[in-house]
Amino acid sequence: MVDRKKRMEQFEEVSQAVEPEKPSSLSWLYIFGAVLLIFGLTLVFQQMSGTADGEVRPVDIESLQAEIAELRGTVSDLEARIEVLENE
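In UniProt numbering, the protein residues as written are 1 to 88.
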């Protein structure tokens, strides 16, 4: 009978040692603060870049159109050179 009581006491000690500790409210505060910091930095970087929600500024579109026109000119020049080389 005494041996059974000892085993039960040991079992209770082991079961209490195995239970994970509950996170304190302070750790939840740190997690919440980190999430707020991440979203805040994201917002700041969006504001600094001058674009939000993936919008494209008209200046960017105009510069892209100019680059496309330049590349088309380069392609047509290269095609003309290819034709000259094939005819030789």
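Cβ coordinates follow ideal geometry from the N, Cα and C atoms, glycine included.
In the DSSP annotation of this structure, the continuous segment of the alpha helix (DSSP H) that includes Ser49 starts and ends at Ser25 to Ser49.
Spanning the alpha carbons of Ile68 and Glu86 requires a straight line of approximately 27 Å. Taking the Cα positions, Lys6 is about 39 Å away from Trp28.
CA-CA distance, Phe39 to Gln10, rounds to 48 Å. DSSP places Glu12 in the helix class (H, G or I) of the three-state scheme.
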